[in-house]
Amino acid sequence: MLVLSRRVGEKMVIGNEVFIEILSVSGDGVRIGITAPRETSVHRFEVFAEIEAANLAAEAVVDELKDSALKDLSAHLRNKNQ
Amino acid sequence: MPAININGKDHSYEEDRIIEFAEGLIGLPRLRRAALVESPEYAPFSWLASLDDDEVRFVVIDPTEIYSDYKPDTVEGSDEHKLRAIVKVSSDWQKTTVNLRAPIFIDEETKSGVQVILADSEYQLEEAFPLS
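Protein chains in written order, with the working numbering: chain L, 16 to 97; chain D, 906 to 1037.
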């Protein structure tokens, strides 16, 4: 991990297009301004981690039991549509 | 025609079903190329299978087929995008859920995909299927 120290008002840049500015510090909280291209997503870590965990949980080691359950569900959904 | 093997059975797919993920998926940044594989016995579900790693695959579904008022709106020109949501399969079919909070947008023209974490958490990470 790269560790930098910045004061309020100072900035840093990641790559060529992501700019981080320290806006203010209050107690043990800090307000950070981020300028990045629209295609670059920025999220609080906890939000990202939650989705990462969900992806890994869903990653399909679909064994025979799950395979058969999936087919049951798909049959159920197709029948519903008829 | 290329194919992936699911539980001992080969499922073929067209080359135009290959999607490029410039940033991978959330937590899987190296998952850059995947095939969207359909098979009638799993419909409406399909498989998103990594072409870089045989072990990595997801069951996905077009969420708008199940939840007609699901309208995430974070991607430019999202009308032209296909939507796929990742499904968490349970061995109890009634407990299988869909991730509506971080859907995958696929641009059919450029064959590029991106998983987007939606800003409003109104949508569930583990949405149940309407079963009754």
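C-beta: ideal position from N, C-alpha, C; glycine also.
Tell me which residue opens and which closes the beta strand (DSSP E) that residue i is part of.
i	result
residue 963/D	962 to 966
residue 940/D	938 to 943
residue 908/D	908 to 911
residue 27/L	26 to 29
residue 1001/D	That residue, residue 1001/D, is in no beta strand (DSSP E); it is neither H nor E in DSSP.
residue 915/D	914 to 917
residue 933/D	Note, residue 933/D: premise wrong, no beta strand (DSSP E); not H, not E.
residue 1029/D	Neither: residue 1029/D is in no beta strand (DSSP E) and is coded neither H nor E.
residue 988/D	986 to 993
Determine whether the beta carbon atoms of residue i and residue j lie at a separation below 9 Å.
i	j	result
residue 78/L	residue 910/D	no
residue 938/D	residue 959/D	no
residue 934/D	residue 928/D	yes
residue 941/D	residue 972/D	no
residue 932/D	residue 61/L	no
residue 989/D	residue 936/D	no
residue 969/D	residue 85/L	no
residue 948/D	residue 93/L	yes
Can you give me the C-alpha to C-alpha distance between residue i and residue j, rounded to a whole angstrom?
i	j	result
residue 976/D	residue 1009/D	13 Å
residue 90/L	residue 82/L	12 Å
residue 1019/D	residue 22/L	35 Å
residue 1030/D	residue 72/L	12 Å
residue 999/D	residue 922/D	29 Å
residue 915/D	residue 946/D	13 Å
residue 38/L	residue 44/L	11 Å
residue 918/D	residue 907/D	6 Å
residue 987/D	residue 930/D	16 Å
residue 920/D	residue 1016/D	11 Å
residue 52/L	residue 1024/D	17 Å
residue 9/L	residue 50/L	Nothing in the structure corresponds to residue 9/L, since chain L is present only between 16 and 97.
residue 95/L	residue 1027/D	26 Å
residue 974/D	residue 16/L	43 Å
residue 1003/D	residue 40/L	39 Å
residue 76/L	residue 962/D	8 Å
residue 1013/D	residue 997/D	34 Å
Counting C-beta neighbours from all protein chains within 10 Å, is the total for residue i 16 or more, i.e. buried, or is it exposed?
i	result
residue 24/L	exposed
residue 1035/D	exposed
residue 64/L	exposed
residue 1011/D	buried
residue 80/L	exposed
residue 955/D	buried
Please list, in chain order, all residues of the same chain as residue i whose beta carbon is under 8 Å from its beta carbon, the five residues on each side excluded.
i	result
residue 879/D	No answer is possible for residue 879/D: the residues shown for chain D start at 906 and end at 1037.
residue 55/L	32, 33
residue 18/L	none
residue 985/D	1012, 1013, 1014
residue 57/L	49, 51
Can you tell me where the alpha helix (DSSP H) with residue i in it begins and where it stops?
i	result
residue 38/L	That residue, residue 38/L, is in no alpha helix (DSSP H); its beta strand (DSSP E) goes 33 to 41.
residue 921/D	Element bounds for residue 921/D: n/a, residue is neither H nor E.
residue 84/L	79 to 95
residue 63/L	60 to 73
By Cβ distance below 6 Å, which residues in the same chain neighbour residue i in space, the five residues on each side in sequence not counted?
i	result
residue 36/L	26, 48
residue 943/D	951
residue 1022/D	1007
Using a Cβ-Cβ cut-off of 7 Å (strictly less than) and excluding sequence neighbours within five positions of residue i, which residues of its own chain qualify?
i	result
residue 995/D	1001
residue 1033/D	1002
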